[in-house]
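**Student:** So the working numbering is basically just the index in the sequence shown, starting at one, shifted up by 13. Glycine residues also receive a C-beta, built at the ideal position from the N, C-alpha and C atoms. Next up is a structure, given as structure tokens.
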Amino acid sequence: MQELSVVISGFDPYEGITVNPALIVPDTLAKEGIAVAPNDFEDPLHGVDVRIHAVHMPVSFGKAWPMLNETLDRVHPHIVIATGLKQAARGILLERCAINLKDTTRPDADNVIPGQRLIDANGPAAYWTGLPLRAILNAFAADDIPASLSSDAGTFVCNALFYHLQAWAARQPRPTMCGFVNLPPVNEQPHPQHGLPLAQQITAGRDVVCEAARYYKRPMGPDILIP
Numbered sequence: 014m015q016e017l018s019v020v021i022s023g024f025d026p027y028e029g030i031t032v033n034p035a036l037i038v039p040d041t042l043a044k045e046g047i048a049v050a051p052n053d054f055e056d057p058l059h060g061v062d063v064r065i066h067a068v069h070m071p072v073s074f075g076k077a078w079p080m081l082n083e084t085l086d087r088v089h090p091h092i093v094i095a096t097g098l099k100q101a102a103r104g105i106l107l108e109r110c111a112i113n114l115k116d117t118t119r120p121d122a123d124n125v126i127p128g129q130r131l132i133d134a135n136g137p138a139a140y141w142t143g144l145p146l147r148a149i150l151n152a153f154a155a156d157d158i159p160a161s162l163s164s165d166a167g168t169f170v171c172n173a174l175f176y177h178l179q180a181w182a183a184r185q186p187r188p189t190m191c192g193f194v195n196l197p198p199v200n201e202q203p204h205p206q207h208g209l210p211l212a213q214q215i216t217a218g219r220d221v222v223c224e225a226a227r228y229y230k231r232p233m234g235p236d237i238l239i240p
């Protein structure tokens with residue numbers, strides 16, 4: 014059986030957040046894995062062992078990327094999905110690009126405020142995601158998961174991590190698919206106006222893994238990616 018290695022990252026709990034889906038979703042997927050119909054021979058994932066590894070980091074400019082990078086060097090994944098929490102989000106946000114900018118007056122977990130500066134003075138202005146966003150959105154629609162595209166992941170720690178991740182992917186000798194997904198707050202109300210139930214967010218995370226893995230195994234052309 015062929016193996017496909019996936020790393021899913023999230024962030025540790027931080028002030029004001031009692032239930033962080035960007036911590037729970039990666040851990041749950043690493044524990045439970047994904048399910049593929051055993052008799053669906055047309056599924057690109059048929060006969061593929063998708064192994065999910067979870068890692069979470071502090072919301073820190075100085076520590077988040079080194080911790081994720083250490084996991085990547087150890088696991089050598091084919092796919093990396095970074096997740097974060099967007100407190101104002103109604104549903105899942107698929108981030109289209111990482112921009113080369115830190116710009117915040119809010120301190121990170123280390124009480125660091127970097128001000129306004131480039132992440133990499135010698136790097137490109139932005140990196141596009143490597144995830145198959147159209148396929149993921151179609152899977153979300155089938156599962157009734159509210160979602161939308163986001164132009165970028167902001168200018169705080171999430172974006173910095175996303176930028177470092179895409180720069181890392183660009184240096185890899187073999188194709189490595191990477192991207193960033195922002196999750197909304199957990200809201201268990203029957204018809205939430207803000208946030209989503211945790212079970213629905215776990216389903217969304219599983220959809221992202223499955224569609225990324227399917228695309229990795231059987232690319233369907235550039236139109237499946239939405240820049």
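#1: May I ask which residues mark the beginning and end of the beta strand (DSSP E) holding residue 4?
#2: Counting C-beta neighbours from all protein chains within 10 Å, is the total for residue 33 16 or more, i.e. buried, or is it exposed?
#3: Under 8 Å, do residue 132 and residue 114 count as touching if we go by C-beta distance?
#4: Are three or more beta carbon pairs between the segment 161-181 and the segment 202-218 nearer than 8 Å?
#5: Which one or two residues does DSSP pair with residue 24 in a beta bridge?
#6: In terms of residue numbering, what span does the alpha helix (DSSP H) encompassing residue 80 cover?
#7: As an exercise, report each continuous beta strand (DSSP E) stretch of at least 3 residues that is fully enclosed by the segment 114-177, in chain order.
#8: Would you mind listing the alpha helix (DSSP H) stretches within the segment 181-223 that are 4+ residues and don't spill past its ends, in chain order?
#9: In its own chain, which residues sit with a C-beta less than 7 Å from the C-beta of residue 59, not counting the 5 before and 5 after it?
#10: For the segment 178-195 against the segment 118-130, are there 3 or more C-beta pairs whose distance is under 8 Å?
#11: Considering only their Cβ atoms, is the gap separating residue 222 from residue 72 smaller than 8 Å?
#12: Where does residue 100 land, buried or exposed, given buried means 16+ other C-beta within 10 angstroms?
#13: Short check: CB of residue 143 to CB of residue 180, under 8 Å?
#14: Kindly list the residues whose CB is nearer than 6 Å to the CB of residue 78, restricted to its own chain and excluding five residues on each side of it in sequence; keep chain order.
#15: Using only the alpha-carbon positions, how far apart do residue 26 and residue 70 sit?
#16: Are three or more beta carbon pairs between the segment 102-110 and the segment 145-156 nearer than 8 Å?
#17: For residue 193, tell me which candidate among 61, 98, 158 has the shortest Cα-Cα distance.
#18: What's the C-alpha gap between residue 11 and residue 23?
#19: Let me check understanding here. Comparing Cα to Cα, which of 61, 36, 29, 125 lies closest to residue 76?
#20: Considering only the beta carbon of each residue, do residue 184 and residue 57 sit closer than 8 Å?
#21: Can you tell me which of 80, 170, 105 puts its alpha carbon nearest to the alpha carbon of residue 74?
#22: In whole angstroms, what is the alpha-carbon distance linking residue 68 and residue 38?
#23: According to DSSP, simplified to helix, strand and coil, what is residue 58?
#24: Name the residue from 220, 102, 154 whose alpha carbon lies nearest to the alpha carbon of residue 46.
**Tutor:** Taking the geometry as given:
#1: Within the shown structure, residues of the chain are numbered from 14 to 240, placing residue 4 beyond reach of any answer.
#2: Stepping through the sequence shown from its first residue, residue 33 is reached at position 20. So residue 33 counts as buried.
#3: For the purposes of this step, residue 132 is identified with residue 119 of the sequence shown, where counting begins at 1. For the purposes of this step, residue 114 is identified with residue 101 of the sequence shown, where counting begins at 1. For residue 132 and residue 114, yes; Cβs fall inside 8 Å.
#4: no
#5: As a working note, residue 24 is residue 11 in the sequence shown. In the DSSP output, where bridge partners are listed per residue, residue 24 has 70.
#6: For the purposes of this step, residue 80 is taken as the residue at position 67 of the sequence shown. DSSP places residue 80 in the uninterrupted alpha helix (DSSP H) bounded by 77-88.
#7: Runs of the beta strand (DSSP E) inside the segment 114-177: 115-117, 128-130, 139-141, 160-165.
#8: none
#9: On the sequence shown, position 46 is the one that residue 59 refers to. Within the same chain, residue 59 has close Cβ partners 49, 53.
#10: no
#11: Here residue 72 is taken as the residue at index 59 of the sequence shown, counted from 1. Here residue 222 is taken as the residue at index 209 of the sequence shown, counted from 1. No, the Cβ-Cβ distance between residue 72 and residue 222 is not below 8 Å.
#12: Residue 100 sits at position 87 when you count from the first residue of the sequence shown. That one is exposed.
#13: Within the sequence shown, residue 143 is the residue found at index 130, counting from 1. Within the sequence shown, residue 180 is the residue found at index 167, counting from 1. For residue 143 and residue 180, no; Cβs fall outside 8 Å.
#14: On the sequence shown, residue 78 is found 65 positions in, with the first residue counted as 1. For residue 78, where only same-chain residues beyond five positions count, the Cβ hits under 6 Å are 174, 177.
#15: To locate residue 26, count along the sequence shown from 1; it is residue 13. To locate residue 70, count along the sequence shown from 1; it is residue 57. Approximately 9 Å between the Cα atoms of the pair.
#16: yes
#17: Residue 193 sits at position 180 when you count from the first residue of the sequence shown. Comparing Cα-Cα distances from residue 193 to each of 61, 98, 158, the minimum goes to 98.
#18: With the chain covering only 14 through 240, there is no way to say anything about residue 11.
#19: Numbered from 1 along the sequence shown, position 63 holds the residue referred to as residue 76. The residue from 61, 36, 29, 125 with its alpha-carbon nearest to that of residue 76 is 125.
#20: Here residue 184 refers to the residue found at position 171 of the sequence shown. Here residue 57 refers to the residue found at position 44 of the sequence shown. No. Outside cutoff.
#21: Indexing the sequence shown from 1 puts residue 74 at position 61. The shortest Cα separation from residue 74 among 80, 170, 105 belongs to 170.
#22: Start at 1 with the first residue of the sequence shown, and residue 68 comes out as number 55. Start at 1 with the first residue of the sequence shown, and residue 38 comes out as number 25. Taking the straight line joining both Cα atoms gives about 11 Å.
#23: Position 45 of the sequence shown, counted from the first residue, corresponds to residue 58. Looking at residue 58 - three-state DSSP - the assignment turns out to be coil, as it is neither helix nor strand.
#24: In the sequence shown, residue 46 corresponds to position 33, counting from 1. It is 220 whose Cα lies nearest to the Cα of residue 46.
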